[in-house]
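Residue numbers (my numbering): 1 to 303. What follows is a short report on a single structure.
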Amino acid sequence: MSKIEYINKRFNKTSLYIIETTNEIIEGFLQQGFDLTLRQLYYQFIAQDLFPESWRDLQLQSKNIEKNYNKLGSIINDARLTGLVDWNAIADRTRETKQNSHWEDPKDIIESCIHYFEIDKWEGQPTRPEVWIEKDALIGVISNICRESDVTYFSCRGYNSQSNMWRAGQRMLSYIDRGQNPIILHLGDHDPSGIDMTRDIRDRLNIFAGNVRVDRLALNMDQVNQYNPPPSPAKITDSRSRDYIQKYGHDSWELDALDPSTISDLINDRVIKLRDEALWQNKIALEEQYKTQLRDMADDLNS
């Protein structure tokens, strides 16, 4: 835990309640192995109706408004500075520091190689999935399950760039050359643009790699009905809003509003259905054999 006090500040009763509730939410996320973004924290407050009644917009009859998101952000910012909220618990996944790896001893890098050594466990499988997600902010939610499943994943950052789409098309063609059927599992907001992004991926991959299967894994209306995430007004300034409103009404839903474990489970359940389990277990066994060989080599070097 990294609660560090840099400034002294007095909080009113409402702010103290927000801070206490935030720490309870953080603890629940950490127990599941997740940190969370400010946006995810905000949606936990909305989904569980945790904001005080005084924060309700009387005109909209809703607490799910940008003003409350900003108020929460301001309180959490001050709470971190005063040592009341863990610095490591709130993630900013859109900004990442890069640096070289360093080692204290040659033995350390050998141990690291053993730990990180993996073979391509999808080699020889009839299908080859990739997970694409609309937002950088949710990469931390999907990274663990995708790594455990040995699945390529990345953030489209909205509508994917043409360069990334072309490179993806080349990957799809390489899978096809190996006798595999590629499949993209796309996750995005349920709003006019978020829905259309799945269509855009399908259309552009069709140009670069032929008829590649693209499945919209989330967020879909059946999941909205099942998990009941808090709605937001559909963006009427979006050029696609007219068709969206005719089909779904005036509400939209952000993927961030789903519990991280739900998103992880959606990916895991689909990936398991796509793989041949016998082939998968054979690869697991082969990988462990190779790791044993590496451990023996490391022992010889250390002796």
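Where a beta carbon is used, it is the ideal one built from N, C-alpha and C, also for glycine. Small disclaimer: the values here were computed from a predicted structure and weren't measured.
Between LYS283 and ILE114 the beta-carbon gap is near 17 Å, outside 8 Å, which marks them as no contact. The count of Cβ pairs closer than 8 Å, one atom from the region 164-176 and one from the region 198-212, reaches three, so the stretches are in contact. Per DSSP, the unbroken beta strand (DSSP E) holding TYR153 starts and ends at 152-155. Using a 10 angstroms sphere on the CB of PRO182, the tally of other CB atoms reaches 16 or more, which defines it as buried. Check the Cα spacing between GLN40 and each of LYS247, ASP200, TRP253: the tightest is with TRP253. Distance check between GLN246 and each of LEU219, ALA234, TYR153 places ALA234 closest, using alpha-carbon atoms only. Leaving aside the five residues that flank VAL141 on each side, the residues in its chain whose CB is nearer than 7 Å to its CB run, in chain order, PHE34, PRO260, ILE263, SER264. Looking only at ASP49, ARG56, ARG80, PHE29, the smallest Cα-Cα distance to LYS3 is reached by ARG80. When the alpha-carbon of HIS102 is set against those of GLY28, PRO229, SER112, the nearest one is in SER112. Taking every protein chain shown into account, the CB of GLN99 has fewer than 16 other CB atoms within 10 angstroms, so this residue is exposed. C-alpha of ILE133 to C-alpha of ASN225: approximately 21 Å in a straight line. Nearest C-alpha to ASN228 among GLN170, TYR43, LYS135, GLY210: TYR43. The region 91-134 contains, as complete alpha helix (DSSP H) runs of 4+ residues, the segments 106-116 (chain order). Note on the region 5-81: whole alpha helix (DSSP H) runs with a minimum of 4 residues are 13-31, 38-47, 66-81, in chain order. Between LEU301 and ILE110, the C-beta spacing is below 9 Å. For ILE184 against ASP215, the beta-carbon gap comes to about 7 Å, under 8 Å, which counts as contact. Beyond the five residues adjoining it in sequence on each side, GLY73 comes within less than 6 Å, by CB distance, of LEU38 in the same chain, given in chain order. DSSP assignment within the region 180-251 yields the following whole alpha helix (DSSP H) runs of 4 residues or more, N-terminal first: 192-209, 221-227, 241-248.
Following the DSSP letters along the chain, one finds LEU274 inside the alpha helix (DSSP H) bounded by residues 260-274.
Between LEU217 and LEU138 the beta-carbon gap is near 12 Å, outside 8 Å, which marks them as no contact. Beta-bridge pairing by DSSP links TRP253 to HIS190. Note that the C-beta distance between PRO192 and ASP238 is below 9 Å.
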